[in-house]
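Participant: Below is one structure. I have some questions about it.
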Amino acid sequence: MSLEVRAVDESEYADWVRAVHTGFLRPPVVSDEEVADRLPHTDLTRVLGVFDRGRVVATFRSFTQELSAVGGGTLVADAVSGVTVSATHRRRGLLRRMMAADLAAARERGDAVATLIAAEYPIYGRYGFGPATWTTEWTVDVRRAGLDPRRSGRPEDGGRIDFADGEEIRKIGPGLHRALAGVRAGIVGRDARGWDVGTGLGHQSRPWTEPFYAVYRDEDGTAQGFAAYTCDDKWEDGKQPLNTATVRDLIAVTPAAERALWTFLCSLDWVTTVASGHRAPDDLLPLLLPDPRAARVTTHADMLWVRVLDVVKVLEGRTYGATGGLVLELRDDDGPAGGRYRLDASPEGAACARTTASADLVLDVAELGTLSLGDESVVRLAALGRVEEVSPGAAALADVLLRTPRRPWCPDVF
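In the working numbering, each number is its position in the sequence shown, counted from 1, plus 14.
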C-alpha cells in the first residue's frame with residue numbers, strides 16, 4: 015500500500031502525539047490530559063502525518079512565528095517542529111514529502127522564512143536551512159570568579175534587584191521579551207501558553223520545580239530584566255556548601271540589567287557554581303567576571319536554523335550599518351528563492367529585487383539562511399568553499415553590510 019501524507023484530524027491526534035514520543039525516544043504513551051492540553055493550541059491543518067495502514071509512521075507540524083530581524087523588525091516565520099520518521103520507515107523520502115508540502119504552503123501564505131531547532135545537524139541543510147544562531151552554556155566556579163563579596167550582588171548604577179513570583183513575571187515578562195526582540199536579532203515570539211507553562215501557571219507535562227525569580231529595576235524603578243533560577247542542596251563534609259544555581263531563563267534588555275543579574279547570581283550565599291543555561295555566544299557573563307577563566311564553556315552548538323522563502327522580504331526587512339550594493343546569485347533547487355538579486359543597502363534603508371546583472375557572490379539558499387541574521391562571515395564561508403566570490407572584494411563588502419555588532423540569539427526551544 016502507498017504511504018499517505020496528509021493533515022491529521024482530531025480523532026488521529028493522540029496517535030500522532032504517540033508517534034512523536036516514539037521518534038524522540040520518550041515513552042510511547044499519551045494521556046487524555048496531554049491531548050486536552052495540547053489540542054486547543056494546535057492548528058490541525060498544519061499537523062502532517064504519514065499513514066501506513068492507518069498507523070502514523072512520520073510526523074511534522076508547523077505554526078506561525080514572529081522572528082526578530084536585524085534592527086528590530088519582524089519577519090513572519092513558518093516554525094517547524096515535531097518532526098519524526100519512525101525507525102520502521104526510514105529512507106523512504108517521507109521527510110522530504112512532508113517538508114515540501116509545508117514549505118509550499120508557507121510560501122503561498124507569504125511567510126518570509128521557515129525556522130526550526132535541529133535535533134541533528136546533518137538533516138536540514140538538504141532542504142535549504144542554515145544555522146543562523148548559536149548558543150553557549152557556561153559553568154561558573156564562583157569561588158574562582160574574583161567577585162568582591164562585599165557587593166553582595168548589589169547593582170552599582172542606582173538600580174536594584176527584587177525577588178518576584180511567577181504571577182509577576184507573567185505580567186512583566188512578555189514586555190521585556192518583546193523589548194529584547196527590538197535590540198537583538200534571532201528572538202522568536204513566546205505565546206501566552208508558553209509564558210503560562212514557563213512560569214508554572216499552566217499545565218506541566220513534566221515535574222515542576224518552582225524557581226526563584228529576581229527582577230532588575232533601573233533607578234526609575236522600571237523593570238529591565240529578570241532571571242529565573244533553581245538551586246540544589248548539596249554540602250560537603252565539614253558543612254561546606256557546594257550548591258549550584260541553574261538558570262532557567264534570563265532576559266535583560268539593557269547591558270546594565272545583564273551585568274546586574276549575572277553579578278547577583280554569582281554572589282548568592284552558599285552557591286559555589288552557576289550553570290548559565292543556554293546563552294548568546296557573546297553574552298557578557300565571562301568577561302564581567304574579574305577572572306573570566308572561572309566560566310568554563312560546557313556547551314557550544316547551533317541553535318536556530320533559517321530557511322529563506324522570500325529573499326526580498328528578508329533582505330529588505332532588516333537594517334544596515336553601511337552603504338553598498340551586491341548582486342547575489344542563489345541556488346535553490348527545491349524552493350522559490352533561486353535566481354539573482356540586487357541588494358542596495360544603506361543606513362537609511364534597503365532595496366532588493368531580481369536582476370539579470372552579473373553576480374558578485376554565488377551561494378546556496380542555506381548559506382543565505384546562515385547569513386540572514388548577521389552572525390556568520392561571508393569571508394569565512396568563501397574560505398570554506400560554501401560561497402563563490404565572483405567579484406574581488408565582494409565577500410568583504412558583504413560582511414560590512416550583513417554582520418551585526420551583537421550576535422543574534424534564540425533563547426527559546428520550540
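Backbone N, C-alpha and C define an ideal beta-carbon position, used for all residues, glycine too.
Computed from a predicted structure; not experimentally measured.
1) Give me, in chain order, the residues of the same chain whose beta-carbon lies closer than 7 Å to that of Asp346; leave out the 5 immediate sequence neighbours on both sides.
2) Bridge partners of Ser76, per DSSP?
3) Excluding the five sequence neighbours on either side, which residues of its own chain have a C-beta within less than 6 Å of the C-beta of Arg310, listed in chain order?
4) Drop a sphere of 10 angstroms on the beta-carbon of Val43, count the other beta-carbons inside from all chains shown, and report buried for 16 or more, exposed for fewer.
5) Measuring only the C-alpha atoms, how far is Thr431 from Arg168?
6) Round the Cβ separation of Leu89 and Ala126 to the nearest angstrom and send it over; I've been treating them as touching at under 8 Å.
7) Considering only residues of the stretch 279 to 354, which uninterrupted beta strand (DSSP E) runs meet the minimum length of 3 residues and lie entirely inside it, listed in chain order?
8) Using a Cβ distance threshold of 8 Å, determine whether the stretch 135 to 149 contacts the stretch 370 to 387, with at least three qualifying pairs required.
9) The beta strand (DSSP E) spanning Gly239 covers which residue range?
10) Just curious, the alpha helix (DSSP H) that Gly214 is in, first and last residue?
11) Would you mind listing the alpha helix (DSSP H) stretches within the stretch 123 to 186 that are 4+ residues and don't spill past its ends, in chain order?
12) Terminal residues of the continuous alpha helix (DSSP H) containing Leu411?
13) Short check: CB of Ile186 to CB of Ala259, under 8 Å?
14) Which term fits Glu272, buried or exposed, when burial requires 16 or more other beta carbons within 10 angstroms of its beta carbon?
15) Output needed for Arg354: all residues of its chain with C-beta closer than 8 Å, excluding positions within five of it in sequence on either side, in chain order.
16) Give me whichever residues DSSP pairs with Tyr227 in a beta bridge.
17) Report the CB separation of Ala365 from Glu330 in whole angstroms; it is logged as a contact under 8 Å.
18) May I ask you to verify whether the stretch 390 to 403 touches the stretch 320 to 337, counting CB pairs closer than 8 Å and requiring at least 3?
19) Between Val70 and chain C, is there a C-beta pair that is closer than 8 Å?
20) For Val427, report the span of its alpha helix (DSSP H) as first-last.
21) Ordered along the chain, which non-local residues of its own chain (more than five positions away) have a Cβ less than 7 Å from that of Tyr334?
22) Quick one: what does DSSP say Leu221 is sitting in, helix, strand or coil?
23) How many Å lie between Phe65 and Arg110 at the Cα?
24) Which residues share a DSSP beta bridge with Val401?
25) Using CA coordinates, which residue listed in Asp246, Leu190, Arg157, Val202 is at the minimum distance from Thr465?
Facilitator: Inspection of the coordinates gives the following:
1) Translated into the one-based positions of the sequence shown, residue 346 becomes position 332. Gly142, Gly352, Val379, listed in sequence order.
2) The residue given as residue 76 occupies position 62 in the sequence shown. Ser76 is bridged by DSSP to Val94.
3) As a working mapping, residue 310 is identified with position 296 in the sequence shown. Once the five neighbours on either side are set aside, the close Cβ partners of Arg310 are Thr153.
4) The count along the sequence shown starts at 1 and reaches residue 43 at position 29. The residue in question, Val43, is exposed, as its Cβ has fewer than 16 Cβ neighbours within 10 Å.
5) Lying before the first or after the last residue shown, residue 431 is absent from the chain, which here runs from 15 to 428.
6) As a position in the sequence shown, residue 89 is number 75, starting the count at 1. As a position in the sequence shown, residue 126 is number 112, starting the count at 1. The C-beta distance from Leu89 to Ala126 rounds to 4 Å, short enough to meet the 8 Å contact threshold.
7) As far as the stretch 279 to 354 is concerned, its whole beta strand (DSSP E) runs of at least 3 residues are 285 to 289, 309 to 316, 318 to 322, 338 to 345.
8) Yes: at least three Cβ pairs fall under 8 Å.
9) For the purposes of this step, residue 239 is taken as residue 225 along the sequence shown, with counting starting at 1. Its beta strand (DSSP E) spans residues 237 to 245.
10) Start at 1 with the first residue of the sequence shown, and residue 214 comes out as number 200. In this chain, Gly214 is not harboured by any alpha helix (DSSP H), its DSSP state being neither H nor E.
11) Qualifying alpha helix (DSSP H) stretches, in chain order: 156 to 159.
12) Residue numbering aside, residue 411 sits at position 397 when the sequence shown is read from its first letter. Bounds of the alpha helix (DSSP H) holding Leu411 are 408 to 416.
13) Translated into positions along the sequence shown, residue 186 becomes position 172. Translated into positions along the sequence shown, residue 259 becomes position 245. Pairing Ile186 with Ala259 gives a Cβ-Cβ distance that is not under 8 Å.
14) In the sequence shown, the residue the question calls residue 272 occupies position 258. Buried, by the Cβ-count rule.
15) Taking the first residue of the sequence shown as 1, we reach residue 354 at position 340. Around Arg354, the same chain offers Val341, Leu342, Glu343, Leu344, Arg368, Thr369, Thr370, Ala371, Ala373 as residues with beta carbons nearer than 8 Å, after the five sequence neighbours per side are excluded.
16) As a working mapping, residue 227 is identified with position 213 in the sequence shown. Paired residue(s): Ala178, Ala242.
17) For the purposes of this step, residue 365 is identified with residue 351 of the sequence shown, where counting begins at 1. For the purposes of this step, residue 330 is identified with residue 316 of the sequence shown, where counting begins at 1. The Cβ separation is near 7 Å, so the contact holds.
18) The stretch 390 to 403 is not in contact with the stretch 320 to 337.
19) In summary, chain C is missing from the structure at hand, where a single protein chain is found.
20) By 1-based counting over the sequence shown, the position of residue 427 is 413. Per DSSP, Val427 lies in no alpha helix (DSSP H) and is assigned neither H nor E.
21) Taking the sequence shown and counting its residues from 1, one reaches residue 334 at position 320. Only Ala359, Ser360, Pro361, Ala364, Leu415 meet the Cβ criterion.
22) Taking the sequence shown and counting its residues from 1, the one referred to as residue 221 is at position 207. It is Pro, not Leu, that sits at residue 221 in the sequence shown. Look at Pro221 here: in three-state DSSP terms it is coil, with no helix or strand label.
23) Taking the first residue of the sequence shown as position 1, residue 65 is located at position 51. Taking the first residue of the sequence shown as position 1, residue 110 is located at position 96. If you take the alpha carbons of Phe65 and Arg110, they lie about 15 Å apart.
24) Looking up residue 401 in the sequence shown gives position 387. DSSP output for Val401 lists Leu377 as bridge partner(s).
25) What the structure shows of the chain is the stretch from 15 to 428, and residue 465 is not part of that stretch, so it cannot be assessed.
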